[in-house]
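Reading through the structure tokens given below for one structure.
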Amino acid sequence: MQRYIAIVEDEVAIRENYRAVLTRYGYHVSMYSNRREAMAAFNKQLPELAIIDVGLEDEIEGGFDLCRELRAIAPQLPIIFLTARDSELDAISGLRLGADDYLTKDISLEHMVARIVALFRRVDALQSKSPAEQGQQLCCGDLVMDLDRMTANWQAQLVPLTLTEFWLVYALARHPGHVKNRQQLMDAANVVLDDNTITSHIKRIRKKFSKLDTNFQSIETVYGFGYRWHPQK
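When we follow our numbering, the leftmost residue of the sequence shown carries the number 658, and every step to the right adds one.
Shown next, in the form of structure tokens:
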């Protein structure tokens, strides 16, 4: 069964190019030119992945607004920003809004497809768990992660993690006290991200936990090496 990808891009030639490539790889693709049109369609049927430009027609940051709206109705929907805006501030803003990845349009089409495959691989890994693994939970101090429902609770409160954030927390918490470098985190989470993107995700994860517990300090930075999960007493 074909995966369903939605592309929200206001330049006709660019979105047609993306559509042609993704169709060639076997994906079903829908295209939208602005936030309002896309959101109207998403309210009827969500895609399995949304690829969004930041600037959409008359809305300079329409893509950011669309990501915010999507996250409100679909916290774990894979979202990738694909944009010409290459400033670090824009990338951080996109990740803080909950995008799983932030790519610039100078990326090769092969690299873009590799990022998409990596996102879908994580979804497939969850769906292909054996019956013995269904409903499996990871408990580590105040953290409880349900691998079947892809939910994380801290002190009995739901933490609204995205798909990428969930796997990064899981990669750390399943081996508390062990330092995981960025490559190990990418391997465990089955995702391709650069160092700055990993850092931005960790910052966002910490912020989400800290909103529920101002004393949260379980994700420790080991400078020059990576990160580790340190259970709080």
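We put the beta carbon where it would ideally sit given N, CA and C, even for glycine. Since we're looking at a predicted model, the values are computed, not measured.
Annotated as distal: residue 712 and residue 691, with beta-carbon spacing of 8 Å or more. Here the C-alpha atom of residue 749 lies approximately 30 Å from the C-alpha atom of residue 701. In this structure, residue 708 keeps its C-beta atom at 8 Å or more from the C-beta atom of residue 671. Its chain contains 885 as the residues whose beta carbon lies nearer than 7 Å to that of residue 835, once the 5 sequence neighbours on both sides are disregarded; these appear in chain order. Under the 8 Å Cβ criterion, the region 825-842 does not count as touching the region 759-774, having fewer than three qualifying pairs. Inter-residue distance for residue 772 and residue 841 is about 17 Å (C-alpha atoms, whole angstroms).
Annotation for residue 722: 692, 716 place their beta carbon closer than 8 Å to its own, counting only its chain and skipping 5 residues before and after.
Beyond the five residues adjoining it in sequence on each side, residue 810 comes within less than 6 Å, by CB distance, of 801 in the same chain, given in chain order. Relative to the Cα of residue 819, the nearest Cα in the group 732, 668, 744, 775 belongs to 732. By the criterion of a C-beta distance shorter than 7 Å, residue 808 is surrounded in its chain by 815, once the five residues flanking it on both sides are discounted. Put simply, of 833, 743, 752, 675 the residue whose alpha carbon is nearest the alpha carbon of residue 887 is 833.
For residue 768, the three-state secondary structure derived from DSSP is helix.
By the 16-neighbour rule on beta-carbons within 10 angstroms, residue 730 is exposed. Rounded to whole angstroms, residue 678 and residue 872 show a C-alpha spacing of 47 Å. One alpha carbon belongs to residue 725, the other to residue 755, and they sit about 8 Å apart. The Cβ atoms of residue 664 and residue 676 lie closer than 8 Å to each other. For the pair residue 883 and residue 839, the CB atoms are nearer than the 8 Å cut-off. Nearest C-alpha to residue 668 among 740, 734, 799, 728: 740.
Residue 697 sits in a helix when the DSSP states are folded into three classes. Boundaries of the beta strand (DSSP E) harbouring residue 800: 800-803, taken from the DSSP string.
Cβ-Cβ separation between residue 821 and residue 759: approximately 11 Å, too far for a contact (criterion under 8 Å). Judged by their CB atoms, residue 734 and residue 776 are not nearer to each other than the 8 Å cut-off. Within the DSSP bridge table, the entry for residue 841 names no partner. Nearest Cα to residue 876 within the set 837, 845, 844, 793: 837.
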